[in-house]
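Chemist: Handing you this structure, nothing more for now.
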Amino acid sequence: MAAVKFEYAMARLETIVAELEKGDLPLDDSLKIFEEGIRLSKTCLKMLEDAERKVEILVQEKDGKKRIQAFSPGEDEPERPQ
1 MAAVKFEYAM
11 ARLETIVAEL
21 EKGDLPLDDS
31 LKIFEEGIRL
41 SKTCLKMLED
51 AERKVEILVQ
61 EKDGKKRIQA
71 FSPGEDEPER
81 PQ
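According to the UniProt record's numbering, the sequence shown is numbered sequentially starting from 1.
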């Protein structure tokens, strides 16, 4: 499969799911787009894994130790005035 952008792949996956949920496609067409969806989901997973590896590299400290931790929204964010 040629290089495809993550956002395009996700949008196409959403379209495939909607088409399959309708249930009005012939079996052959359903199988064809299901196979496309499987390929796209694998492509998206690989892109996400690659992005995760890049983030891990970026957060390494100078001594080479990783300081990866779970992200929690709100942590380390400045307090907003009310």
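Don't be surprised by glycine CBs; every beta carbon is placed ideally from N, CA and C.
Keep in mind the model is a prediction, meaning the values are calculated, not measured.
#1: Starting from the N-terminal side, write out each stretch of the alpha helix (DSSP H) that is 4 residues or longer and does not extend beyond the stretch 6-61.
#2: Classify residue 37 as buried or exposed, calling it buried when 16 or more other Cβ atoms lie within 10 Å of its own Cβ.
#3: Report buried or exposed for residue 48, applying the criterion of at least 16 other Cβ atoms within 10 angstroms of its Cβ.
#4: Could you tell me whether the stretch 6-19 touches the stretch 29-44, using the rule of 3 or more Cβ pairs below 8 Å?
#5: Decide if residue 8 is buried, meaning its Cβ has at least 16 other Cβ atoms within 10 Å, or exposed.
#6: CA-CA distance, residue 60 and residue 33?
#7: Rounded to whole angstroms, what is the Cα-Cα separation between residue 26 and residue 16?
#8: Measuring straight from C-alpha to C-alpha, what distance separates residue 53 and residue 44?
Modeler: In this structure, then:
#1: 6-22, 27-58
#2: For the purposes of this step, residue 37 is identified with residue 37 of the sequence shown, where counting begins at 1. Counting Cβ neighbours within 10 Å, residue 37 comes out buried, since at least 16 surround it.
#3: Along the sequence shown, one-based indexing puts residue 48 at 48. When all chains shown are included, residue 48 counts as exposed.
#4: yes
#5: As a working mapping, residue 8 is identified with position 8 in the sequence shown. By the 10 Å Cβ count, residue 8 comes out exposed.
#6: Within the sequence shown, residue 60 is the residue found at index 60, counting from 1. Within the sequence shown, residue 33 is the residue found at index 33, counting from 1. Residue 60 and residue 33: Cα-Cα distance of roughly 41 Å.
#7: One-based indexing of the sequence shown puts residue 26 at position 26. One-based indexing of the sequence shown puts residue 16 at position 16. Rounded to the nearest angstrom, the two C-alpha atoms are 14 Å apart.
#8: The residue labelled residue 53 in the question sits at position 53 within the sequence shown. The residue labelled residue 44 in the question sits at position 44 within the sequence shown. Their backbone Cα atoms lie some 14 Å apart in a straight line.
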